[in-house]
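Peer 1: If you're matching them up, the sequences are chains G and B in order.
Numbering-wise (my numbering), the first sequence opens with residue 65 and increments by one.
Numbering-wise (my numbering), the second sequence opens with residue 89 and increments by one.
A single structure is presented below for examination.
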Amino acid sequence: MTVARGHARRGAAIAFLSPAMAVIVLFVAVPIALTFWISLHDWSMYTPLTQMTWRGLGNYADLLHSDDFLNALGNTLVYVVLVLVTTVPLALALGMLLYFPKTAGKAAARAALFSTYVIPTVAIAIVWGALYAPDYGPISQALGALGIDSPAWLSDPETALLSLVIFHVWQMTGYYTILVIAGLTQIPDDVYEAARIDGAGFWRQTFSVTLPLLRRTTTFIVLIAAINAIQVFDPVYILTQGGPAESTTVLSYAIQRAAFQNGMAGQASAMAFSLLLVLVAVAGVVLAAMRRRTAAEGRS
Amino acid sequence: MRTVGAISLGAVLALALAGCGGSADNGAAGGPQTISFLTHWGPEQVTALKAAAAAFHTKNPDVTVDIRAVPFANLLSTLRTQGASPNGPTIAGIYDLWLPELVRDGLAAPAPSGVAADVKAGWPGNMVDDVTKQGQVRGYPNEVDLYALNYNKKLFAEAGIPAPPKTWDELKADAAKLTKRDGGKVTQQGFGLITSWASGAVHPWLSLVNSNGGQLLDGSTPKLDDPKVVAAAQLYADLIKSGATQPSMSSANANTTGPYLDNFVNGKTGMIIMANWWQSALKQAMGDRYSDVGVAPVPVGPDGTASAGVSYSWLTMVNGKASPAKQDAAWKFLQFLNGPESGKGGSSAMGDILMSMGILPSRTSDLTAHKADLSDPFIAAYVAELPNAKPFPTVLGGEAMSQAVQKHIENIVFGKETAQQAMTAAQSEVAGILAKAGA
Chain G
65 MTVARGHARR
75 GAAIAFLSPA
85 MAVIVLFVAV
95 PIALTFWISL
105 HDWSMYTPLT
115 QMTWRGLGNY
125 ADLLHSDDFL
135 NALGNTLVYV
145 VLVLVTTVPL
155 ALALGMLLYF
165 PKTAGKAAAR
175 AALFSTYVIP
185 TVAIAIVWGA
195 LYAPDYGPIS
205 QALGALGIDS
215 PAWLSDPETA
225 LLSLVIFHVW
235 QMTGYYTILV
245 IAGLTQIPDD
255 VYEAARIDGA
265 GFWRQTFSVT
275 LPLLRRTTTF
285 IVLIAAINAI
295 QVFDPVYILT
305 QGGPAESTTV
315 LSYAIQRAAF
325 QNGMAGQASA
335 MAFSLLLVLV
345 AVAGVVLAAM
355 RRRTAAEGRS
Chain B
89 MRTVGAISLG
99 AVLALALAGC
109 GGSADNGAAG
119 GPQTISFLTH
129 WGPEQVTALK
139 AAAAAFHTKN
149 PDVTVDIRAV
159 PFANLLSTLR
169 TQGASPNGPT
179 IAGIYDLWLP
189 ELVRDGLAAP
199 APSGVAADVK
209 AGWPGNMVDD
219 VTKQGQVRGY
229 PNEVDLYALN
239 YNKKLFAEAG
249 IPAPPKTWDE
259 LKADAAKLTK
269 RDGGKVTQQG
279 FGLITSWASG
289 AVHPWLSLVN
299 SNGGQLLDGS
309 TPKLDDPKVV
319 AAAQLYADLI
329 KSGATQPSMS
339 SANANTTGPY
349 LDNFVNGKTG
359 MIIMANWWQS
369 ALKQAMGDRY
379 SDVGVAPVPV
389 GPDGTASAGV
399 SYSWLTMVNG
409 KASPAKQDAA
419 WKFLQFLNGP
429 ESGKGGSSAM
439 GDILMSMGIL
449 PSRTSDLTAH
459 KADLSDPFIA
469 AYVAELPNAK
479 PFPTVLGGEA
489 MSQAVQKHIE
499 NIVFGKETAQ
509 QAMTAAQSEV
519 AGILAKAGA
C-alpha cells in the first residue's frame, strides 16, 4: 500500500513538474548548451549548424588576447559599479521618503517614479539623445544659462559612458524604489515602536532597524541591478553604437556586433558564455554573502 | 530524474532538428512559385515595389512576389537568421560589403548567363566588377553612393572664401577662416567629421586617402602604414589641433543622424565630406536654407593627382539556398524590375524607386531616363564625380576591418593616439582581421 502510494506520488510529481521542466529545458538549458557548442566553432550563421567549423577553445583563447574584448569587459565593469553605487542608495532613500512620511501625493510620486521603467527604452533613448546634444541640447542650454560649461555628454569618450549611466539610473531607480517600498511594508510597526520607546531617533531607527531588516530586499535589488546593468544594450545600440572611440562598447553590444555585423557567431557565443559565467559568479558572490550574514546572525 | 532526462533529451533533439534542418528550399520544381523580396526601404518605396511585383505577376501569373520590409539596422541580422532557412527571403537587397561572405556561404547565387549578359550590357564596368565575385555575376547593381565635399555657401561668403578648396592646404586654410570662437569656445567649426558610425568615420577619411594617392587595401593587403595614408590621418590631427574641427560636434547615432548632421544643417559646420544619399535629410532639415549647400570634389592631397571619393553600392541578389525553380523565378523578376520597360520614360522600376529617395541609380539607361532629375546641382556634382570614385574594398572581413579603422580614426579625433600610432596599430589589426576572415 505504502509502495503503491509512493509510486502514485512520484507519478503525480512527474506529471505536474514535466511541463515546467520542459519549458526550462527548451528555453533555458538548450540555448545555453547550444551557445556553448557554437562557441567552440567558427560560424557565420549563413550556413546550417551542421556546417560549422570546429575551433575547440580557440575562440576563448582569442578573447583573452583581444583588446576589444578586454575594453568591453572593462567598460561593462565600470558601468555596473557606477549603476550600483548610484541606484541602490538612491532607491533606498527614495523608498523611505515615499513610505514613512504621512503626506498626500505619495501615490502619484510613486507612479511617476515607476513610469520611467514602463516606457519602452527605445523610445525614451531617442529623447535622451536629443537632451544630451552638445551645445544646443536642452541640458547643455540649461547648464549654460547657469554659467556652467556643459560637457559634450555622448560626444566625448570621457563622459559618454557616464551619460549612459545617468540614463540608466533615471530609468531604473523608480523600479528599485517600488521594490524598497514593498520591502518596507514587511517590517512590523511594533519594531519601530519598541525602538522609539528605547529612545531611538530617526537616524538610529534607519541604521539599526530599517536597513538591517531590509537586507533581503537590498540583496535582491543589488543582484537584479547588477544583472540589468551587465545586460545593458538598447541605449548603447541606439545612442552611441559603442562609440565614440569604443568608450561605450559594453559586452552585450560587442556580442551583437560580432555575431550580426561581423558574422563571427562562434566568437560572439564565447563572449556570451563568458558573460553568463560572470553573471553566475556575481550572483553566487552576492547570495553567498547573504547566506554567510544570515548564518552569522543565526549563531549570535 | 529519468523523466527529467527524457524531457531534456527530447527538447535537445527538437531544437537540433529545427536548427539543422532545411538548408535548402524544397519548393516544387515546377508550377506556380511564390518568392519573397527582403528590403530595408521605407513604406513609400515598398508600395512602389509592390506595384512592380503586381505588374510582373500580371505578365507572369505563375510567379507571386511577396515584399518583406525590415529597418536598415535589422537587414543584415534578418539575412543571417533567415537566409538559410526554407522560408528565407528569395531575393534580398544588400550592401556590397556583405557580398563576399554571402558568396562564400552559398547564399548569393551566381546569375544565369542571360542575366549576367544583361548586367554586363546595361551597367558601367566598375559596377559590374563590384557585383562579380569568384568570376560570376551575383546580382543586379542598384543604388550607388559616393562621397564629395559638402560646404555651406553662405558661411563661405561670410568668411570671404570665393570657392571650395581644391587641395588639402586650401582645405586647412579655409577651415581656419570658417572657424568662429566665442571666447575660448568654438561656436562654428570649419571642417566637420563623423564619429560613432563606421561608414561615417571611415568613408570620408578614405576619400581623402584616395585623393592623396593612397589606398586602404592592395588586394587583401592593408596599406594603412603607407605615408600617403598616414598623411590623411595627420590632416585630421592638424585640423583638430587648430580647433577648426571639433570632436564634440561629430557624433552620430544608430539612425545615422545626430550632432554631425545638426551642426551642418544649422550652419555650425562650414564643410563636411558626405555621401549623396543624405540630400533628402538636408532638404528636410534645412528647408529654404538647403540652397546654401554646395558640393565639390574631395580636396586633393599633396601626393595625389585627382579627387577620388569613396563609392559603394547596393545590389539585389538571389538566395542560393532557394530551390532552382524559385531561383529562376527570382532572376526573372529581377530582370523585369531592373529592365527599361518596367518604369516610366525608359527607366526601370528600380531606377524610379531609387530616384524617389534621391538616390543615384546605376543602370546607364536609368541615368539617361532621369537626366532632368539628375541636373539638380547637388546630385549633378556627385554624378560628375562618379567616374573618378574608388569603390570601397569588398573583402571577407570587410565589416570588422571597417570597425577597426573607425576605432583608430576616432582615437586620433579624441587625442588617444597620434596619427602615426593609429595607423601602425590599424595596419596590424586589419591584417589580423583579414587573415582570420580568409580574405
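Don't be surprised by glycine CBs; every beta carbon is placed ideally from N, CA and C.
What is the DSSP secondary structure of G109(B), reduced to helix, strand or coil?
Peer 2: The predicted position of G109(B) is uncertain, since its pLDDT is 40 and thus under 50; a value taken from the coordinates is nonetheless stated next. If DSSP states are grouped into helix, strand and coil, G109(B) belongs with coil.
Peer 1: Applying the criterion that 16 or more other CB atoms from any shown protein chain within 10 Å of the CB defines a buried residue, is G70(G) buried or exposed?
Peer 2: exposed
Peer 1: To the nearest angstrom, how far is the alpha carbon of L278(G) from that of F271(G)?
Peer 2: 10 Å
Peer 1: Give, in chain order, every residue of the segment 390 to 420 of chain B whose Cβ lies closer than 7 Å to some Cβ of chain G.
Peer 2: none
Peer 1: Please classify G202(B): is it buried, with 16 or more other beta-carbons within 10 angstroms of its beta-carbon, or exposed?
Peer 2: A residue is called buried once 16 or more other Cβ atoms fall within 10 Å of its Cβ, and G202(B), having fewer, is exposed.
Peer 1: Taking Cβ positions, are S436(B) and L448(B) nearer each other than 8 Å?
Peer 2: no
Peer 1: So, for G227(B): in the same chain, excluding its five sequence neighbours on each side, which residues have a beta-carbon less than 6 Å away from its beta-carbon?
Peer 2: V219, L403, T404, M405
Peer 1: Looking at the structure shown, is V398(B) part of a helix, part of a strand, or coil, going by DSSP?
Peer 2: strand
Peer 1: Would you identify the three-state DSSP class for S124(B), choosing helix, strand or coil?
Peer 2: Of the three classes helix, strand and coil, the one that applies to S124(B) here is strand, per DSSP.
Peer 1: Given a cut-off of 8 Å, decide if T275(B) and K268(B) are closer than it, judged by their beta-carbon atoms.
Peer 2: Taking 8 Å as the Cβ cut-off, K268(B) and T275(B) qualify as a contacting pair.
Peer 1: Is there a Cβ of chain G sitting closer than 8 Å to that of W285(B), yes or no?
Peer 2: yes
Peer 1: Could you give the distance in angstroms between the alpha-carbon of A112(B) and the alpha-carbon of R192(B)?
Peer 2: No answer about A112(B) holds up, because its pLDDT of 40 lies below 50 and its placement is not dependable.
Peer 1: Considering just the uninterrupted stretch of the alpha helix (DSSP H) at F100(G), what are its terminal residues?
Peer 2: 94 to 103
Peer 1: What does S108(G) touch in chain B if you count any residue whose Cβ is under 7 Å from its own?
Peer 2: In chain order, E189, D193 make up the part of chain B whose C-beta sits under 7 Å from the C-beta of S108(G).
Peer 1: With DSSP as the reference, label T313(G) as helix, strand or coil.
Peer 2: coil
Peer 1: Are the beta-carbon atoms belonging to S430(B) and P229(B) less than 8 Å from one another?
Peer 2: No, Cβ-Cβ distance for S430(B) and P229(B) is not below 8 Å.
Peer 1: Is the distance from the Cβ of V94(G) to the Cβ of L154(G) below 8 Å?
Peer 2: No, the pair does not count as a contact, with Cβ atoms beyond the cut-off.
Peer 1: Please confirm if the segment 314 to 324 of chain B is in contact with the segment 407 to 422 of chain B, defined as three or more CB-CB distances below 8 Å between the two stretches.
Peer 2: When C-beta atoms of the segment 314 to 324 of chain B are compared with those of the segment 407 to 422 of chain B, fewer than three pairs fall below 8 Å, so the two segments do not count as touching.
Peer 1: So, at 6 Å on beta carbons, what are the nonlocal neighbours of L259(B) in its own chain, with the 5 sequence-adjacent residues on each side left out?
Peer 2: P253, P387
Peer 1: For I360(B), report the span of its beta strand (DSSP E) as first-last.
Peer 2: 357 to 363
Peer 1: May I have a chain-ordered list of the beta strand (DSSP E) segments no shorter than 3 residues that lie completely inside the segment 119 to 173 of chain B?
Peer 2: 121 to 127, 151 to 157
Peer 1: For I182(B) versus V153(B), is the C-beta spacing smaller than 8 Å?
Peer 2: No; because the gap between Cβ atoms is not below 8 Å, this pair is not in contact.
Peer 1: Between which residues of its own chain and Q508(B) is the CB-CB distance below 7 Å, once the five residues before and five after are set aside?
Peer 2: V318
Peer 1: Can you have a look at E231(B) and say buried or exposed, based on whether 16 or more other CB atoms are within 10 angstroms of its CB?
Peer 2: buried
Peer 1: Going by C-alpha to C-alpha distance, which of K241(B), W186(B), G446(B), A527(B) sits closest to S379(B)?
Peer 2: K241(B)
Peer 1: T393(B): buried (16+ other C-beta within 10 angstroms of its C-beta) or exposed?
Peer 2: exposed
Peer 1: Is there contact here, the segment 347 to 356 of chain G with the segment 175 to 190 of chain B, by at least three beta-carbon pairs under 8 Å?
Peer 2: no
Peer 1: Output needed for M354(G): all residues of its chain with C-beta closer than 6 Å, excluding positions within five of it in sequence on either side, in chain order.
Peer 2: T283
Peer 1: What did DSSP end up calling N175(B) once you bin it into helix, strand or coil?
Peer 2: coil
Peer 1: Starting from the Cα of E341(B), find the closest Cα among L218(G), V145(G), N135(G) and give me that residue.
Peer 2: Checking the sequence shown, residue 341(B) turns out to be Asn, not Glu. Nearest C-alpha to N341(B): L218(G).
Peer 1: Here's the rule I'm using: 16 or more other beta-carbon atoms within 10 Å means buried, otherwise exposed. How should D314(B) be labelled?
Peer 2: buried
Peer 1: Can you give me the C-alpha to C-alpha distance between K221(B) and A196(B), rounded to a whole angstrom?
Peer 2: 10 Å
Peer 1: In the DSSP assignment, find the unbroken alpha helix (DSSP H) run with Y239(G) in it and report its ends.
Peer 2: 224 to 248 is the span of the alpha helix (DSSP H), which, as asked, contains Y239(G).
Peer 1: Over what stretch of residues does the beta strand (DSSP E) that includes A236(B) continue unbroken?
Peer 2: 228 to 240
Peer 1: What does the alpha-carbon distance come out to for the pair R74(G) and V87(G)?
Peer 2: 20 Å
Peer 1: Do P198(B) and L126(B) count as a contact pair if the criterion is CB distance below 8 Å?
Peer 2: no
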